[in-house]
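Colleague: Per our numbering: the sequence shown ends with 480, consecutive numbering throughout. Handing you a structure now.
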Amino acid sequence: MLTNWLLNKIRDCIVDPDATIDSQPTHMSFGTGGIPPSGDETELQTEVVRKVIDRTDSTADKSIVYYCTLDTTEGNTTLREFGVHDQSSGGNLHLRETFPVPYTKTSDVETRMIVVVTIESVTE
């Protein structure tokens with residue numbers, strides 16, 4: 357779920373042509389908190405590890421794809437949430453989501469996380 361902070365920035369850019377989103381996603385975090393996102397979050401419920409995003413792609417279907425790898429020594433616990441941030445610590449949380457099923461990460465496995473954000477048009 358996109359956070360209210362990011363949604364407000366997007367709104368500002370639509371209303372004011374001089375407005376910018378002066379914050380680029382650079383890091384992905386993983387945590388053990390399991391409370392579903394509300395949009396009001398500014399951080400993960402219980403962050404365990406934060407990594408630099410390996411790569412970001414944009415697609416023709418209005419999507420942004422973030423790739424991040426946890427090596428065998430990182431995040432070895434039951435992960436229940438993840439987020440995308442603009443700094444290595446603190447900073448702005450762009451999105452937060454919980455895993456549909458908790459994921460138990462062990463030192464036997466390197467894990468690659470792929471997050472796809474699709475921008476959709478909505479009319480009411």
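C-beta atoms are modelled at their ideal positions from N, C-alpha and C, and glycine is treated no differently.
Could you name the residues of the same chain whose beta carbon sits closer than 7 Å to that of Val408, not counting the 5 residues immediately before and after it, in chain order?
Modeller: Reading the sequence shown from its first residue, position 52 is the one you call residue 408. Result list for Val408: Thr382 and His383, in chain order.
Colleague: At a cut of 8 Å, does the stretch 386 to 394 reach the stretch 442 to 449 through at least three beta carbon pairs?
Modeller: no
Colleague: Our contact map puts Pro458 next to Leu435 with C-beta atoms below 8 Å; I'd like the distance itself, whole angstroms only.
Modeller: The sequence position of residue 458 within the sequence shown is 102, counting from 1. The sequence position of residue 435 within the sequence shown is 79, counting from 1. The Cβ separation is near 7 Å, so the contact holds.
Colleague: Looking at C-alpha atoms only, which residue of Asn360, Cys369, Cys424 and Arg452 is the closest neighbour of Ile470?
Modeller: Reading the sequence shown from its first residue, position 114 is the one you call residue 470. Nearest C-alpha to Ile470: Cys424.
Colleague: Is the beta carbon of Thr467 closer than 8 Å to that of Lys461?
Modeller: Your numbering for residue 461 matches position 105 in the sequence shown. Your numbering for residue 467 matches position 111 in the sequence shown. Cβ atoms of Lys461 and Thr467: closer than 8 Å.
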